[in-house]
Amino acid sequence: MRKYLLPLLFILFFILESLFVQTLPAEVFNSERILAPRFLMIVILFMTLYGHRDQGLIYGLVFGLLFDVVYTEIIGIYLFMFPLIAYIASKLMRILQSNIVVVSVISILSIVLLELGVYEMNYLINVTNMDFSLFLNQRLFPTIVLNVAFIIIFAYPLKRIFEKYAASLRED
Amino acid sequence: MPQFFLNKRLILLLVSIIILVALIGFSLREREELTVPEQFLKDATGWIQNVFSKPQSYVKGVFENIKDLQNTYSENKELKSRLDGLAKLESDVQQLKKENDELREILDKKDSLSAYSPIQATVIGRNPDRWHELLIINKGKVNGIEQNMAVVSSNGFIIGKVKSTQQFTSTIQLLTAMDPTNRISAEIQGTDSYFGTIEGYDVERELLELKRIPYDAKIQKEQTVVTSGLGGIFPKGLPIGKVVDTEPDEFGLNQTAYVKPGANFYDIQNVMVVKRDMMQPNLSDMVDDEEEEL
Chain A
1 MRKYLLPLLF ILFFILESLF VQTLPAEVFN SERILAPRFL MIVILFMTLY GHRDQGLIYG
61 LVFGLLFDVV YTEIIGIYLF MFPLIAYIAS KLMRILQSNI VVVSVISILS IVLLELGVYE
121 MNYLINVTNM DFSLFLNQRL FPTIVLNVAF IIIFAYPLKR IFEKYAASLR ED
Chain B
1 MPQFFLNKRL ILLLVSIIIL VALIGFSLRE REELTVPEQF LKDATGWIQN VFSKPQSYVK
61 GVFENIKDLQ NTYSENKELK SRLDGLAKLE SDVQQLKKEN DELREILDKK DSLSAYSPIQ
121 ATVIGRNPDR WHELLIINKG KVNGIEQNMA VVSSNGFIIG KVKSTQQFTS TIQLLTAMDP
181 TNRISAEIQG TDSYFGTIEG YDVERELLEL KRIPYDAKIQ KEQTVVTSGL GGIFPKGLPI
241 GKVVDTEPDE FGLNQTAYVK PGANFYDIQN VMVVKRDMMQ PNLSDMVDDE EEEL
């Protein structure tokens, strides 16, 4: 039973992103600002850093592909970005101590990296023609604020879940 | 030894970049249809999203009701003032409709560009990364939805077109998405109507760009823009929005009008997929005819 719980958690966050965008009317904030939830990225990062590193990367790969197929219809961008960023974060954690605050800061940095990477790629394939300063003000800063709020609420529960999972793996 | 590992990683990175470019190239092609595994994945997630969308719309409905209650009084006042004019308008419409039908009968013209049959659908998902502006709805090929059909919001304004269809779900591309193939033949209504194409969206000003209007066209603010039905897929007369501003284009040969869309692109719950009744003649037939004439 435990085995299936973790994929279910990932699927839940995968759906939650879309539900969040749908439910939140943009006028609540300001319709000029674009808030992009990156909950799935955060969960994948916590899995990689607290749970099992390789499994975290595989989850990144699978859900990156799913994200591409279902939400963007351009396969490759998230398939590449999710595992890459999770890998960079796991390398960074080797140097730093694994404290929940440090992990949270790393997650925020990762989201910035993800947003930048996705923006650059979309700019390259002409999905967007937004210029960089507009991107910073309209997208990046509001997105960071939203995801910081998410991390503050969910960091501790996620840490608990994945630490338990890591412990159960060690027992087996 | 460490040098060797470093190289292995480098090769892995390079190979994955090649795969990335290949995959992006593959999916950027003009695709008639998604591949079977993609369709299957989309339908499978669509099923889960369907389960979640009911409670979500309920929760949203409750909040909206509360918001509505707050401005009931002012709304009621305005609606009452409009009610007086409504009866006359209704009888006018009735009369015009009847007259139109009679005249059509005299001319023996049954098909109309503006005739369409709607398919109701509910939005079950939206692209969370906000770059592509895609929506997922809960009706698919089984319900008769086809690629490129027009999609209309619940208040009647056009919001986009069907990008791809699966068996049970379809994906809608909004007008706000930047896609050079996303063009709509539009008409500015007035004493003289002018034709142009909607070819893009100004993100900063949140206005649609209606391009290729003749340079001598006299366009006033607040004129209504509707689909012209000349594009071949969309029916005629679906409202798009109102003109806000015009400016000459870069060479001075045409004008560009900025159109404020009537639909709200953020808050979409129910949509209507519009199927045009009048069939488009086959392109190959038309080409053949022309050749005969020559």
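Here the protein sequences line up with chains A and B, keeping their order.
Residue 1 is where the first sequence starts when you use full-length UniProt numbering, and the numbers rise one by one after that.
Residue 1 is where the second sequence starts when you use full-length UniProt numbering, and the numbers rise one by one after that.
Note that the Cβ used here is the ideal one computed from N, Cα and C, for glycine as well.
Below 9 angstroms between beta carbons is the criterion; list the residues of the stretch 88-100 of chain B that meet it against any residue of chain A, in chain order.
none
If we define contact as Cβ-Cβ less than 8 angstroms, is Thr171(B) a contact residue for chain A?
yes
Counting only the same chain and skipping the five closest in sequence on each side, list residues whose C-beta sits under 7 angstroms from that of Ile189(B).
Sequence inspection shows Gln at residue 189(B); the Ile mentioned does not correspond to that position. Counting only residues of its own chain and dropping the five nearest sequence neighbours on each side, Gln189(B) has a CB closer than 7 angstroms to the CB of Gln223, Thr224, Val226.
At the level of alpha carbons, what is the spacing between Arg33(A) and Gln95(B)?
If I take the Cα positions, the gap works out to 47 angstroms.
Apart from the five residues just before and just after Asp111(B), which ones in its own chain have a Cβ nearer than 6 angstroms to its Cβ?
Met278, listed in sequence order.
Span of the beta strand (DSSP E) holding Lys211(B)?
207-214
Does chain B have any CB closer than 8 angstroms to the CB of Phe10(A)?
It does not; no Cβ of chain B falls within 8 angstroms.
What does the alpha-carbon distance come out to for the pair Thr72(A) and Ser117(B)?
29 angstroms
Taking a contact to mean a Cβ-Cβ separation below 8 angstroms, would you say Phe46(A) touches Phe10(A) in this structure?
no
Thr169(B) and Asn138(B) look like a contact to me (Cβ under 8 angstroms); what is the Cβ gap, rounded to whole Å?
6 angstroms
What does DSSP give as the partner residues of Phe195(B) in its beta bridges?
DSSP lists Glu187(B) as the beta-bridge partner residues of Phe195(B).
List, in chain order, every chain B residue whose beta-carbon is nearer than 7 angstroms to that of Asn129(A).
Met178
Which bits of chain A does Val203(B) rub up against, with CB to CB less than 7 angstroms?
Met130
So Trp47(B) contacts chain A; which residues on that side make the cut at Cβ distance below 8 angstroms?
Per Cβ cutoff of 8 angstroms: no residues; Trp47(B) is ~11 angstroms from chain A at best.
Does the distance from the CB of Val152(B) to the CB of Val274(B) come in under 8 angstroms?
Using a Cβ distance threshold of 8 angstroms, Val152(B) and Val274(B) count as a contacting pair.
May I ask you to report which of helix, strand or coil DSSP gives Glu171(A)?
helix
Where does Ala128(B) land, buried or exposed, given buried means 16+ other C-beta within 10 angstroms?
Checking the displayed sequence, the identity of residue 128(B) turns out to be Pro instead of Ala. Under this definition Pro128(B) is a buried residue.
So, Phe52(B) versus Leu19(A), is the Cβ gap smaller than 8 angstroms?
yes
In terms of alpha-carbon separation, which member of Phe195(B), Ile136(B), Gly237(B), Ala177(B) lies closest to Gln167(B)?
Ile136(B)
Taking only three categories from DSSP, how would you classify Ile124(B)?
strand
Tell me which residue opens and which closes the beta strand (DSSP E) that Glu247(B) is part of.
239-248
My understanding is that Gln240(B) touches Phe157(B), with C-beta atoms under 8 angstroms, so please give their C-beta distance in whole angstroms.
With the sequence shown as reference, residue 240(B) is identified as Ile, and Gln is not the correct amino acid for it. Between Phe157(B) and Ile240(B) the Cβ distance is about 7 angstroms, and since that is below 8 angstroms, they are a contact.
Kindly indicate if chain A contains any beta-carbon less than 8 angstroms away from that of Asn65(B).
Chain A contact via Cβ: absent.
Could you compute how far the alpha carbon of Val21(A) sits from the alpha carbon of Lys54(B)?
The alpha-carbon atoms of Val21(A) and Lys54(B) are separated by roughly 15 angstroms.
Show which residues of chain A have a CB atom less than 9 angstroms away from the CB atom of Ser164(B).
Glu73
At which residues does the alpha helix (DSSP H) containing Ser91(B) begin and terminate?
72-107
Suppose contacts are defined by Cβ-Cβ distances below 8 angstroms. Is Val162(B) in contact with Asn148(B) by that definition?
yes
Please state whether the Cβ-Cβ distance between Asn254(B) and Tyr215(B) is less than 8 angstroms.
yes
Does any residue of chain B have a CB that is nearer than 8 angstroms to the CB of Ala36(A)?
yes
Rounded to whole angstroms, what is the Cα-Cα separation between Phe14(A) and Leu79(B)?
42 angstroms
Using 8 angstroms as the limit for Cβ to Cβ distance, is Asp129(B) near chain A?
Judged by the 8 angstroms Cβ criterion, Asp129(B) is in contact with chain A.
For Lys236(B), which of helix, strand or coil comes out of DSSP?
coil
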